[in-house]
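Below: the structure, in structure tokens.
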Amino acid sequence: MLNLINKLAGRSPWIYRINAGSCNGCDVEMATAALIPRYDVERLGCKYCGSPRHADVVLISGPLTLRVRDKVLRVYDEIPHPKVTVAVGVCPVSGGCFRDGYSVGANIDHYIPLDVIVPGCPPRPQAIIEGVLKAVGVWRARLEEGLCSHS
Amino acid sequence: MTTANTTNTYTLPVGPLHVALEEPMYFDIQVEGETVRGVQLTAGHVHRGMEALAMQRNYLQNVTLTERVCSLCSNSHPATYCMAVEALSGLTIPERAKYLRVIADEVKRIASHLFNVGIMAHLTGFDSLFMHAMEVREIMQDAKEGVYGNRMNLGQCVIGGCRRDIDEETAAFLRGQLEQLKPQLDELYGVFERDPLIRKRTRGIGLLPLAEAKRLAVVGPVARASGVAYDVRRKAPYAAYPELDFEVQSDTKGDVHSRALLRLREAVESVKLIEQCLRKMPSGPVCTEGMPAVPRGESVARSEAPRGEVFYYLRSDGTDTPQRLKWRVPTYMNWEALQVMLANCQVADIALIVNSIDPCISCTER
Amino acid sequence: MSSILEAAFATVVFPGGLFALALGLFLKGMDRKVLARLQRRVGPPIYQPVIDIAKLLTKETLIPTTANELAFRLAPVLGLTGMLVAAALMPVAGVWNGVTGLSDLLVLLYLLPIPAMGLMLAGGASSSPYGSLGYSREMAVMFAYEMPLIASFLAVAVRTGGAAGPMLSLSGIMAYQIHHGALLLDPVMLPAVAALIVFIPGTMGSGLFDIAEAESEILEGPLLEYSGPLLAVFQLMSAVKLVVVLELVVALLCPNPIPGGVPANLVWHVGKCLLLLLVSVTCFRAATGRLRVDQGFAFFLKFTSPLALVSLCLAITLR
Amino acid sequence: MNEKLKDIQSDAENAIAQALGGEFISWTADSYGNEYGWLRLRAPEDMAKLAPVLVGLDARLMTITAYRIDKFARIEGREIAYHFDLDGLALTATIALTETPPQIPSITRWFANADWHEREFSELYGITISDHPNPRRLFLDNELDAGVLDRLVPLSTLMNGASTNTLWEKVFAGKQMPDWAKEKDR
Amino acid sequence: MLPFLKIMFRNLLRGPSTEPFPLGPARTHKNFRGCAKFEPEKCILCGICRHVCAPGAIQLRPSEDGSGMEYVLWHNSCVFCGMCAHYCPTGALTMTDNWHLVHLGAEKFSNCIDEFVPYDECPECGAKIQPRPQAIIDKIGYRHPNRFLLCPKCKRESIARHAAKVHNKTEQAHP
């Protein structure tokens, strides 16, 4: 029974996106990938949620500016376990163009573990979908671990 | 009465991470029932200190850096920056490059306007229309990917001209995309103009009268929808615009609906502009040879981005990094106008009104 | 003894309980699939709602520190229970005639607002400003659609009254229609039919009336703070509510069975619900956006209520 | 350039010369023929004289730029450039700030949109604005001190060490980075 | 009354416009700017790519034995702007249409181009110099291909010798 639920769960990744100070590019592409018919992630069971509490997969973009940092971390904490983080674009990983700015903190990895990285500036929607699928793989593995430890 | 007030009004935080906002922005909205009584704004979530970064990067790196100010108007920034550098170092770009720059600008404008209008439909809960508008926008996204190689950041402008030439094959591809786009754009305009729900939700809200528009010096479609017919492409023409024929759109109603329609009309004009460019473009080089030396001095350049006037000020001390690079984006000017537009509106309309200035926060906060 | 068993069966298996849950999830799935098609998308598989529920069960439940925990946990359970009871009372033409004495419009009128109350409780308990905004919106919308609903109920009752059994009982209404033809085709009832059809998206919060859970305005309102299993319960509640509302409108407007015994009638019943769903929820949602609260309120007050009242007056005068 | 702009140009020249007494504007043109006016003011107080004149000319404030006279702060001193638009002409008025601490009068009473610009250079360059109606932080987090752009060099060197090098060391996994690479690494 | 209804029913008739990806292949235009490709045999170690790279994604460092340079382009810092390819004088850096770069967080530092570019040797004195591939000789060194292969010092000497020879010749011609 648990196994079945575990198998099914991977087919319903709900997505929440966090903008940690990005330049819009990745955000617009995430919205495009998530909402428009041409890419239709709903056929993969994805749903875009308005509340972090409903989410399974978190898409993060942007270099994590100082001012948004605490808010991002707070929202991240509101996401129930198990959750998977996907870095969209290169900014969350290395800061991209904005590295070395006085208002840009260190890379997000310091605060939030990045499970999957989708490089690009911005990555095309297909790449984001690819990233979400990879994240589902990570999530499945995590669920299995979780369920094993429960039983 | 005061006690009644304190119980009735409460603060509704919008943001900084809110689905209705494409970007982090924080409002504290004083709400009484469903009516907005006051708006307090906290900015700076996307402040990446880009002006300081620009002073650390050399002139060539700054082309890429300015492109990342914002991805929705990502062509206007490097183009205007390059204009500033060219003005300072006395470069004249090749004729063909002027046309290529116009094409890149207008392609971005169409995509940006369609995105904004689509988001407006999304905010009224009209998701089917949103998806339809975004599908129409995909035609332009494909064009960008096919011509320039990326869906958002074109990477077309460099100091001294353009990087990628449009050859016969690409021009044919671009023409094909435009042919596809035109009927769809007209149809979309009809829907946004006549749909009863869109009209009910967007007409008469977010009003910005002409006098206020002038006082707050708003720019771009927001100003033009309120009756200030200012378009940099006409008032201080650059690139190939003096040789091209287009109409500056304007309106006098100054509400959310008229701004959306104005954007769609501008998109139609942009299609015409691209077609003219493809027709008139002279042959020749697309970029000047070599890397320019930037002398000591200062220069100003501006252009009309999708959201309005983009302004660049460059000051050079003769080294290979700018002494000061300052830019001002349209949203920076339009943001304060929200105070006027949001006064006494409904909670349900906040997102619509904010979206109607096509806010670009990453531009504004840099 | 047998009546108790029967009642237990009705609550747990059919037409309430499992049947209602299954039908609800199926209808939700169909709704999403057809909506996707209307938007040129492939859409999720029809069983996607089931997967979503299964997924939510694996998630952690977070309870906001500022929330009233008991009310927070109770709200979804209350809503689901209310709806399951209501579902058990719904007659299925040709299969099941409802519980005598309980399958009654008056009872339903009390049961129907329970999900909304659950949401209000949730919104109140979660103590987030969006939650309370959603709460007040839910309340406003509820008041708005309750009025035409009552008027339509009365119109139906007056029209069918006295044919068999008590005036407000669903079995009586069904019996009348089996004798005199479906109310759907009755010209006197046309305005009330329209009002009832508009009531469905109104109470389900779709299309024009997606006001209380407006995602892009108030972030799904009362559901904002819910996660994991509790959210799953809310989803089940909404699925069963969909079934109850559709079955109710079917029972009021076109409960006529077809020949062919229980299986055929079951299919016929599901078919009717599905058709009604597609017309009143899916297509409606695909073709419209959301009204503002005041506009939604005005809509019910200005259009739907008069429609229902016209039918009521006609029904009374033609009696 | 058309006749209308020529008129505006001469009107502006006359009005400004009258108000400031002999200040003159120099004009440059870009390769598209757009004219840019450059004006140097003698003292911060002159801005208060210039602003009403510009209001009379129907000018629009485009932006305000503050900068250090020397980017690396080897020479003390800041300047502020006000950029106005006269229906297609761009006019830049520059003022050197000589006082310490640097101070400038607000022009929000003539140009409502100066609000944000003034707050911005105030927080980025630590310039005090007298009688500003709304002197709150604009973009900078309270964690950062005012005047970050003012202390550009030490701060960015600090940050360089903090992020770029650590990251690159991980990319060059385990290998020691040569000294010259560290230095040249921007 | 509802202009959108027309679109809606057209949508229903036309069927989904969804791309098969990820269940099938995705369209990629040939002009797509994906990750960069580096061909070490064409590189002359001029460093212009590093100079124009805004995010600082390119690093060059001498190898430990001093026989060449280690060339690293980190895809997780690269912003795919293509400036390096635009300014590369020899075409050693090009942009490919490969966008399949998704990887796990654990692999983030290994997602890079890591190549070794050996130094050339001056044919006269044997000093280590920047490589001189045929492509660059054809492009800028075609007038004196032999001299072009020399190290700066030998090149100066060669130029001086040549100048002296020319000088001598002219002196002989016009004494």
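Chains as they are written, first to last, in our numbering: chain A, 3 to 153; chain B, 994 to 1359; chain C, 2 to 320; chain D, 8 to 193; chain E, 7 to 181. Backbone N, C-alpha and C define an ideal beta-carbon position, used for all residues, glycine too. Remember, predicted model here, so these are calculated numbers, not experimental data.
The continuous stretches of beta strand (DSSP E) do not include Val95/A, which lies in the alpha helix (DSSP H) extending over residues Cys93 to Ser96. Contact holds between the stretch 47-64 of chain E and the stretch 87-103 of chain E, because three or more Cβ pairs, one in each stretch, are under 8 Å apart.
Taking 8 Å as the cut-off, the Cβ atoms of Arg1217/B and Leu1254/B do not count as close. In the DSSP annotation of this structure, Asn1146/B is not part of any beta strand (DSSP E), being labelled neither H nor E. An exposed status is given to Asn1337/B, since fewer than 16 other beta-carbon atoms sit within 10 Å of its beta-carbon.
DSSP, read as helix, strand or coil, puts Ser1296/B in strand.
Your pair Ala1045/B and Gly103/A checks out as a contact, with CB atoms roughly 7 Å apart and the cut at 8 Å. Chain E places no beta carbon closer than 8 Å to that of Ala55/C, leaving this residue out of the contacts. DSSP links Gln65/E through a beta bridge to Val78/E. Counting the other CB atoms within 10 Å of its CB gives Tyr111/C a total below 16, which places it among the exposed residues. Taking 8 Å as the cut-off, the beta carbon of Leu1178/B is found no closer than this to the beta carbon of Gly1247/B. Three or more Cβ pairs closer than 8 Å define a contact, and the stretch 1180-1193 of chain B falls short of that threshold against the stretch 1201-1213 of chain B.
For Lys1319/B, the nearest CB of chain D lies under 8 Å from its own CB, placing it at the interface with that chain.
Taken in chain order, the unbroken stretches of beta strand (DSSP E) that lie wholly in the stretch 1310-1338 of chain B and span 3 residues or more are 1317-1321. For Asp117/A against Gly40/E, the beta-carbon gap comes to about 23 Å, at or over 8 Å, which does not count as contact. Residues of chain C with a Cβ closer than 7 Å to the Cβ of Leu8/E are, in chain order, Ala288. In this structure Val1279/B is in contact with Leu1093/B, their Cβ atoms being roughly 6 Å apart against a cut-off of 8 Å. Around the C-beta of Val13/C, fewer than 16 other C-beta atoms lie within 10 Å, and the residue is accordingly described as exposed.
The beta carbon of Leu278/C does not come within 8 Å of any beta carbon belonging to chain A, so the residue lies off that interface. Short of 6 Å from the beta carbon of Leu150/C, and not among the five residues preceding or following it, lie these beta carbons of its own chain, in chain order: Phe200.
Between the C-alpha atoms of Ala60/E and Arg33/E there is a straight-line separation of about 29 Å. Within the same chain, and ignoring the five residues on either side of Thr62/C in sequence, the residues whose Cβ sits closer than 7 Å to its Cβ are Ser228, Gly229, Pro230 and Leu231. Secondary structure in the stretch 1022-1082 of chain B: the alpha helix (DSSP H) runs of 4 residues or longer, each lying completely within the stretch, are 1043-1049, 1052-1060 and 1069-1082 in chain order.
Using a Cβ-Cβ cut-off of 8 Å, Ile20/A does not count as an interface residue toward chain C, since no Cβ of chain C sits closer than that to its own. For Pro264/C, the uninterrupted alpha helix (DSSP H) run begins and ends at Gly262 to Leu278, by DSSP. Against Val85/E, the close residues of chain B are Thr1057, Arg1061 and Asn1146, in the order they occur along the chain (beta-carbon pairs closer than 8 Å). By the Cβ criterion, the stretch 5-21 of chain C is not in contact with the stretch 6-25 of chain A, since fewer than three pairs of Cβ atoms, one from each stretch, lie closer than 8 Å. With contacts defined by Cβ atoms closer than 8 Å, Ile134/D and Ala73/D form a contacting pair. Contact with chain B is absent for Thr115/D, since none of that chain's Cβ atoms lies less than 8 Å from the residue's Cβ.
DSSP places Trp123/D inside the alpha helix (DSSP H), whose first and last residues are Ala121 to Tyr132. Of the candidates Ile87/D, Ser113/D and Leu64/D, Leu64/D places its Cα closest to the Cα of Asp14/D.
Here DSSP, grouped into helix, strand and coil, assigns Leu1122/B to helix. Taking the beta carbon of Gln40/C as reference, the chain E residues within 7 Å of it are Asn17, listed in sequence order.
Looking at Met101/E, Met75/E, Leu8/E and Ile64/E, the one whose alpha-carbon comes closest to that of Asp126/E is Met75/E. About 54 Å separates the beta carbon of Pro1315/B from that of Leu8/E, a gap too long to meet the 8 Å contact definition.
Between Arg142/A and the set Glu226/C, Lys60/C and Cys314/C, the nearest pair of CA atoms involves Lys60/C.
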